[in-house]
Amino acid sequence: MLYIAFLRGINVSGQKKIKMAKLRQKLSECGFGEVHTYIQSGNLALRADAQPSDLERALKDCIAQHYGWDVPVVVRTVDEMKSILAQIPFKGKKYLLERIYFALLHEAPSSEAVEDLTGVDFSPEEVIVQQKTVYLYSPDGAGKSKLNNNFLERKLKVSATTRNLYTMQKMIALCEEL
Numbered sequence: 198m199l200y201i202a203f204l205r206g207i208n209v210s211g212q213k214k215i216k217m218a219k220l221r222q223k224l225s226e227c228g229f230g231e232v233h234t235y236i237q238s239g240n241l242a243l244r245a246d247a248q249p250s251d252l253e254r255a256l257k258d259c260i261a262q263h264y265g266w267d268v269p270v271v272v273r274t275v276d277e278m279k280s281i282l283a284q285i286p287f288k289g290k291k292y293l294l295e296r297i298y299f300a301l302l303h304e305a306p307s308s309e310a311v312e313d314l315t316g317v318d319f320s321p322e323e324v325i326v327q328q329k330t331v332y333l334y335s336p337d338g339a340g341k342s343k344l345n346n347n348f349l350e351r352k353l354k355v356s357a358t359t360r361n362l363y364t365m366q367k368m369i370a371l372c373e374e375l
């Protein structure tokens, strides 16, 4: 099955630097077949005969073995990714596509945590939580957002990694080429 894996917190502000060519090599050494990457922020497309949770653990273990870091990994199937994009709640002229972001959660947060987050007015930003995905609209861009990845992890009490719409679309397109 085709999977998309997102690594959290690598190559950000000089932290946990991993060259993607080297990562592909190390993943091959760990028994992963063909692995494709997109940009330097830990976006992987790969085939595997494993459940997503097993794949997350295997990727995480391989990175720890070769780099010595505990890097959270979130895995989604291509169909799950297509569904996430099909359900974007931000439609209409007021929404700029380049200001739509997705926090992909390791697991679904509790209903209490979701209520705590969504019960606050973050205007002009908007946040909607649907199962293991947080849809974010940040009209001033991610750099100025109050709803950054660390904040979402604290509020929702789950591990997350955030990507923009273009990266999500690019990863699906990459998988469709395999």
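Residues 198 to 375 in our numbering are what the sequence shown spells out, letter by letter. Don't be surprised by glycine CBs; every beta carbon is placed ideally from N, CA and C.
Query                                                                                                                                      : Result
Would you check if the distance between the CB atom of P306 and the CB atom of V355 is smaller than 8 Å?                                   : yes
Measuring CB to CB, does I325 end up less than 8 Å from F299?                                                                              : no
Any chance the stretch 242-250 sits against the stretch 286-300, with 3 or more Cβ pairs inside 8 Å?                                       : no
Can you give me the C-alpha to C-alpha distance between K343 and M368, rounded to a whole angstrom?                                        : 26 Å
How would you label A370, buried or exposed, when you count the other beta carbons within 10 angstroms and need 16 or more for buried?     : exposed
Considering Cα atoms alone, identify which of L256, F229, I215, M278 is closest to N361.                                                   : M278
Let me confirm a value: S335 is counted as buried when at least 16 other C-beta atoms fall within 10 Å, else exposed. Which label applies? : buried
Below 8 Å between beta carbons: does that hold for L301 and T358?                                                                          : yes
Quick one: Cα of L252 to Cα of A310, how far?                                                                                              : 27 Å
Which residue from E226, N345, A261, L294 puts its Cα closest to that of T364?                                                             : L294
Note the first and the last residue of the continuous alpha helix (DSSP H) segment covering P350.                                          : With the sequence shown as reference, residue 350 is identified as Glu, and Pro is not the correct amino acid for it. Run containing E350: 346-353, per the alpha helix (DSSP H) assignment.
Who are A242's beta bridge partners in DSSP?                                                                                               : I201, H233
Would you report the Cα separation of Q328 and L256, rounded to the nearest angstrom?                                                      : 23 Å
Let's see if you can read the secondary structure: which residues bound the alpha helix (DSSP H) around A218?                              : 217-226
Let's see if you can read the secondary structure: which residues bound the alpha helix (DSSP H) around A310?                              : 308-315
By alpha-carbon positions, which one of W266, G239, F319 ends up nearest to F203?                                                          : G239
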